[in-house]
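2 protein chains.
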Amino acid sequence: MVTIKDVAREAKVSVATVSRALNGSADVTPATRARIERAAARLRYVPMGAARSLVTRRTQAVGALLPDLFGEFFSELIRGIDLAARAHGLHLLVSSSHGDADEAAVALRAMQGRVDGVLIMSPHVDAAFLRKHLADSVPAVLLDSAPRGYRRPHVNIDNEGGARAMTRHLLALGHRHIAFIEGPEGNRDARERRRGFEQTIAGKGGASACYLGGDYSEDSGFRAGRALLAARKRPDAVFAANDMMAIGCLSAFNEAGVRVPDEIALAGFDDIPIARYTHPPLTTVHVRIAQLGHAALERLVVQMQTLETPEADVTTMPCEVVVRASCGFRANATGRQEDIHTQT
Amino acid sequence: MVTIKDVAREAKVSVATVSRALNGSADVTPATRARIERAAARLRYVPMGAARSLVTRRTQAVGALLPDLFGEFFSELIRGIDLAARAHGLHLLVSSSHGDADEAAVALRAMQGRVDGVLIMSPHVDAAFLRKHLADSVPAVLLDSAPRGYRRPHVNIDNEGGARAMTRHLLALGHRHIAFIEGPEGNRDARERRRGFEQTIAGKGGASACYLGGDYSEDSGFRAGRALLAARKRPDAVFAANDMMAIGCLSAFNEAGVRVPDEIALAGFDDIPIARYTHPPLTTVHVRIAQLGHAALERLVVQMQTLETPEADVTTMPCEVVVRASCGFRANATGRQEDIHTQT
DNA sequence: TTCAGGAATGAAAACGTTTACATTCGGTTG
DNA sequence: CAACCGAATGTAAACGTTTTCATTCCTGAA
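Chains as they are written, first to last, in the working numbering: chain P, 49 to 392; chain W, 49 to 392.
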């Protein structure tokens, strides 16, 4: 392995000068700098990160502790984080797919001492967990989770605002009696989405709501759809707390020959890629996931730079209603164009 | 920051003993070990990776250099790599979304000196690039790419075998005149898929093939579908080099009122999540992407452990035909069950 | 001519950990 | 009882880099 000493010998200078030249310090003659750079290139010198970190007390790396995520969501999240990290010259250490809290704890502990900060997103994480496994001295930002009684910065998805915007959209299209298919009990996102719906309906005279149980699975959406068809009075529209349930519900409607959106309108939440390909394409709420990751990393960098005690501020990422055909909007001739409304 | 010295003082032993106790060395009394562990826990001691790496000359981390990947593919790949890495106690450094070769070069260089080995997957990478930016001393495995004249281990997808298996499946269903929608020029996967199709058709008496241009986009599949409908003699079946083109082709057929699979059969390649939700669901070739990542990491670990000069061996990951409704197979009552044939 | 001051470079300490080697201390064996 | 041995623990060097402080050399002013 070739070290800074080898370069120094090759360029006939001291290691200090090599270090200065390679790190862009001002006070080194252009001539010596050139000589050193040539020597380094000739020897294919790569500085050893560990040695550097030891003295600078910076690893130039951030960690991301993520749960078992799938498909587009995971990809986009990492993309957003990675891009922002690279812009700051930071490396990204990823640890995902933790089955339980113990695994997450091991991963979180292993990360510390190797990174300058961590991004945390995990259903297994609560205040007690973090107090136990995350050193106070490590900068951290929580993504889309807000343990009670734990003071750290958060970056969250505006589930409530997104649900409000979608509900307003449904009301604007003239739907008055709207069914809501709920997400799993205890799920924060699901709770917030329901709240946004509830509030907006409550604020509109003449509108009424009904609620069906669900657990985010396609199957639970299918069952909810069946239940709605069997009911005495059908709603004008159905708003599912996520796209998978909306898709299940759509299957139930299609199977029964009930036309969407003519007989009943349908909306989802998440804008998973499939939403664009259902028949009819699904009107839903889009979450800019890459942007979420980006924002979280930027917040982390701020915390890493200013060594102040972290504020427990909350950043909320807006959602957008994506209008497709499933709620009564008529797609234009090409059938591909979409109308995106940013929620206010 | 709390160091090993603090723990030593707290436990009233030397730093050497602390190191031994915490690293599971045999020769330390259970009593002292317990005392040290208590002290470490009390102080919330986390060993500093950099210092450890400096002396052990191991970072316990591997890097993954990835291109601009989307959705399921990226997620699954990382999942496979991450799981395998964690099983070996290795951290995973991810760097993705490189727009051009220069960006990839910067990322690759920055990784070296921070990792014990790298996984590389990039369209920008060729032999010259690697010789220039990758030190010989760094263990590396190439994923789904095989630069000519560069001797490193590879892990590839068996595109050719997958295409052969699918073609055999189509022939077995009685289809004889089969159209193939090609992928982009110069794309290695696309070339291999075509070759697998070509060979299998050639080996079957009475079978004939025709080829249509495409570039992996949904649109190009749509155009190919239109072209096929306009042709004098329609094929019995269409095999698209990827699922997106198959979906585009399906749109063209649906639009023209041509029933799939009754009038014409349709198959894709990749098994993207949407393939399950098209009408009819798409028969396609499934690639176990997580397994690909897993295998690549395992191969890398071997290379890291045995310090021998790396063999330039090639591991090929098998593909599977996933039979859904689009080729004439009738799904059973639930409409959800699938039949998976592992290619031999 | 002398000396101050600044620019370029070198010497050496420091970072936190592991580990080879040294030391201590009981206990066993001759 | 002496000598030795092995187990447990301590001491200190080493890892590769950055950075402080010291040194050298040159320029320009007194």
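Glycine residues also receive a C-beta, built at the ideal position from the N, C-alpha and C atoms.
Examine chain W for any beta-carbon lying closer than 8 Å to the beta-carbon of P/ALA183, and answer yes or no.
-> Residue numbering aside, residue 183 of chain P sits at position 135 when the first sequence is read from its first letter. It does; some Cβ of chain W falls within 8 Å.
Do you know offhand how far W/GLN391's Cα is from P/PHE270's?
-> If you number the second sequence from 1, residue 391 of chain W lands on position 343. If you number the first sequence from 1, residue 270 of chain P lands on position 222. Note that W/GLN391 scores a pLDDT of 39, beneath 50, so its modelled location is shaky and nothing firm can be said.
In angstroms with no decimal places, state the Cα-to-Cα distance between W/ARG243 and W/ALA289.
-> In the second sequence, counting from the first residue as 1, residue 243 of chain W sits at position 195. In the second sequence, counting from the first residue as 1, residue 289 of chain W sits at position 241. W/ARG243 and W/ALA289: Cα-Cα distance of roughly 11 Å.
In angstroms with no decimal places, state the Cα-to-Cα distance between P/HIS389 and P/PHE228.
-> Taking the first sequence and counting its residues from 1, the one referred to as residue 389 of chain P is at position 341. Taking the first sequence and counting its residues from 1, the one referred to as residue 228 of chain P is at position 180. At P/HIS389 the pLDDT is 46, less than 50, meaning the model places this residue with poor confidence and gives no usable figure here.
In whole angstroms, what is the alpha-carbon distance linking W/ALA155 and W/SER299?
-> Within the second sequence, numbered from 1, the residue matching residue 155 of chain W stands at position 107. Within the second sequence, numbered from 1, the residue matching residue 299 of chain W stands at position 251. Approximately 40 Å, taken between the alpha carbons.
Have a look at P/PHE301, P/ALA285 and P/ARG239 and flag the residue whose alpha-carbon is nearest the alpha-carbon of P/TYR264.
-> Counting from 1 along the first sequence, the entry for residue 264 of chain P is found at position 216. P/TYR264 has its Cα closest to that of P/ARG239, out of P/PHE301, P/ALA285 and P/ARG239.
Going by alpha carbons, who is nearest to W/ARG372 out of W/ARG105, W/HIS172 and W/GLY316?
-> Numbered from its first residue, the second sequence carries residue 372 of chain W at position 324. Considering only alpha carbons, the answer is W/GLY316.
Rounded separation between W/VAL186 and W/ASP164 - CA only = Within the second sequence, the letter at position 138 stands for residue 186 of chain W. Within the second sequence, the letter at position 116 stands for residue 164 of chain W. C-alpha separation (whole angstroms): 7 Å.
Less than 8 Å separating the beta-carbons of W/GLU359 and W/PRO201?
-> For the purposes of this step, residue 359 of chain W is taken as residue 311 along the second sequence, with counting starting at 1. For the purposes of this step, residue 201 of chain W is taken as residue 153 along the second sequence, with counting starting at 1. A contact, by the Cβ cut-off of 8 Å.
How would you call P/ALA112, buried or exposed, if buried means at least 16 neighbouring beta carbons within 10 angstroms?
-> Taking the first residue of the first sequence as 1, we reach residue 112 of chain P at position 64. With 16 or more other Cβ atoms within 10 Å, it is buried.
Near P/ASN207, what residues of its chain come up, given a Cβ to Cβ distance below 7 Å and the 5 sequence neighbours on each side ignored?
-> Here residue 207 of chain P corresponds to residue number 159 of the first sequence, with the count starting at 1. Closer than 7 Å at the Cβ level, and outside the excluded window around P/ASN207, lie ASP237, GLU240, ARG241 and GLY244.
DSSP puts W/PHE228 in a beta bridge; with which residues?
-> Numbered from its first residue, the second sequence carries residue 228 of chain W at position 180. Paired residues: W/TYR259 and W/PHE287.
Assigned exposure category for P/THR77 - 16 Cβ within 10 Å defines buried = One-based indexing of the first sequence puts residue 77 of chain P at position 29. Classification of P/THR77: exposed, given that the 10 Å Cβ count is below 16.
Cβ of P/MET293 within 8 Å of any chain W Cβ = For the purposes of this step, residue 293 of chain P is taken as residue 245 along the first sequence, with counting starting at 1. Taking Cβ atoms only, chain W never reaches closer than 8 Å to P/MET293, which makes this a no.
Tell me, please, whether the segment 94–105 of chain P touches the segment 87–103 of chain W by the rule of three or more beta-carbon pairs shorter than 8 Å.
-> yes
Counting Cβ pairs, one atom from each stretch, are 3 or more of them under 8 Å apart for the segment 130–139 of chain P and the segment 335–353 of chain P?
-> yes
Who are W/GLY111's beta bridge partners in DSSP?
-> Residue mapping note: residue 111 of chain W aligns to position 63 of the second sequence, counting from 1. Partner residues in the beta bridge of W/GLY111, as assigned by DSSP, are W/LEU141 and W/VAL166.
Chain-ordered residues of the segment 332–351 of chain P with a beta carbon less than 9 Å from chain W = none
Stretch-stretch touch, CB-based, cutoff 8 Å, three pairs: the segment 206–220 of chain W with the segment 176–183 of chain W | no
Note down the Cα distance separating W/ASP319 from W/VAL335, rounded to an integer number of angstroms.
-> For this step, residue 319 of chain W is matched to residue 271 along the second sequence. For this step, residue 335 of chain W is matched to residue 287 along the second sequence. Cα to Cα, W/ASP319 sits roughly 7 Å from W/VAL335.
Of all the residues that make up the segment 92–108 of chain W, which are near chain P by a beta-carbon distance shorter than 7 Å?
-> Flagged, chain order: ARG92, VAL94, PRO95, MET96, GLY97, ALA98, ALA99, SER101, LEU102 and THR107.
Within-8 Å CB hit, W/THR382 to chain P | Counted from its first residue, the second sequence places residue 382 of chain W at position 334. Residue confidence for W/THR382 is low, a pLDDT of 33 falling below 50, so the modelled location carries little weight and cannot support an answer.
Assuming P/VAL63 contacts P/ALA56 (C-beta within less than 8 Å), just tell me the rounded distance between them.
-> As a working mapping, residue 63 of chain P is identified with position 15 in the first sequence. As a working mapping, residue 56 of chain P is identified with position 8 in the first sequence. Indeed they touch by this definition, with Cβ atoms about 5 Å apart.
P/VAL362, buried or exposed, once every other Cβ within 10 Å from all chains shown has been counted against 16 = Counting from 1 along the first sequence, the entry for residue 362 of chain P is found at position 314. Per the 10 Å Cβ criterion, exposed.
Segment contact, 8 Å Cβ cut-off, at least three pairs: the segment 109–127 of chain P with the segment 106–126 of chain W = yes
In chain P, what lies closer than 7 Å to W/PHE301 by C-beta?
-> Taking the first residue of the second sequence as position 1, residue 301 of chain W is located at position 253. Ordered by position in chain P, no residue passes the 7 Å Cβ test against W/PHE301, which lies about 14 Å from the chain.
Pick from P/GLY376, P/SER374, P/VAL370 and P/MET365: whose alpha carbon is nearest that of P/ILE205?
-> Indexing the first sequence from 1 puts residue 205 of chain P at position 157. For the residues P/GLY376, P/SER374, P/VAL370 and P/MET365, the minimum Cα distance to P/ILE205 belongs to P/MET365.
When you compare only the Cα positions, how much space is there between W/THR80 and W/ALA188?
-> For the purposes of this step, residue 80 of chain W is taken as residue 32 along the second sequence, with counting starting at 1. For the purposes of this step, residue 188 of chain W is taken as residue 140 along the second sequence, with counting starting at 1. Whole-angstrom Cα-Cα distance: 42 Å.
For P/ASP54, which residues of its own chain have a beta-carbon under 8 Å away from its beta-carbon, when the five flanking residues on both sides are left out?
-> Residue 54 of chain P sits at position 6 when you count from the first residue of the first sequence. Once the five neighbours on either side are set aside, the close Cβ partners of P/ASP54 are LEU91 and TYR93.
Going by beta carbon distance, what residues of the same chain come within less than 7 Å of P/ARG83, once the five residues before and after it are set aside?
-> Locating residue 83 of chain P in the first sequence gives position 35, where the first residue counts as 1. So the list reads ALA59, once near-sequence residues are dropped.
Based on the DSSP output, what are the partners of P/GLN160 in its beta bridges?
-> On the first sequence, position 112 is the one that residue 160 of chain P refers to. In the DSSP output, where bridge partners are listed per residue, P/GLN160 has P/VAL163.
Would you mind working out which of W/GLY305, W/HIS223, W/GLU303 and W/HIS342 sits nearest W/PHE287, comparing C-alpha positions?
-> Stepping through the second sequence from its first residue, residue 287 of chain W is reached at position 239. For W/PHE287, the nearest C-alpha among the options comes from W/HIS223.
Short CB-CB distance (under 8 Å) between W/ASP148 and chain P = Here residue 148 of chain W refers to the residue found at position 100 when the second sequence is read from its first residue. It does not: the Cβ of W/ASP148 has no partner Cβ on chain P nearer than 8 Å.
Tell me, please, which residues DSSP counts as bridged to P/ALA313.
-> Here residue 313 of chain P refers to the residue found at position 265 when the first sequence is read from its first residue. Beta-bridge pairing links P/ALA313 to P/ALA285.
Looking only at C-alpha atoms, which of W/GLY231, W/THR215 and W/PRO232 sits nearest to W/HIS225?
-> As a working note, residue 225 of chain W is residue 177 in the second sequence. For the residues W/GLY231, W/THR215 and W/PRO232, the minimum Cα distance to W/HIS225 belongs to W/THR215.
Could you give the distance in angstroms between the alpha-carbon of P/VAL166 and the alpha-carbon of W/LEU276?
-> Here residue 166 of chain P refers to the residue found at position 118 of the first sequence. Here residue 276 of chain W refers to the residue found at position 228 of the second sequence. If you take the alpha carbons of P/VAL166 and W/LEU276, they lie about 53 Å apart.
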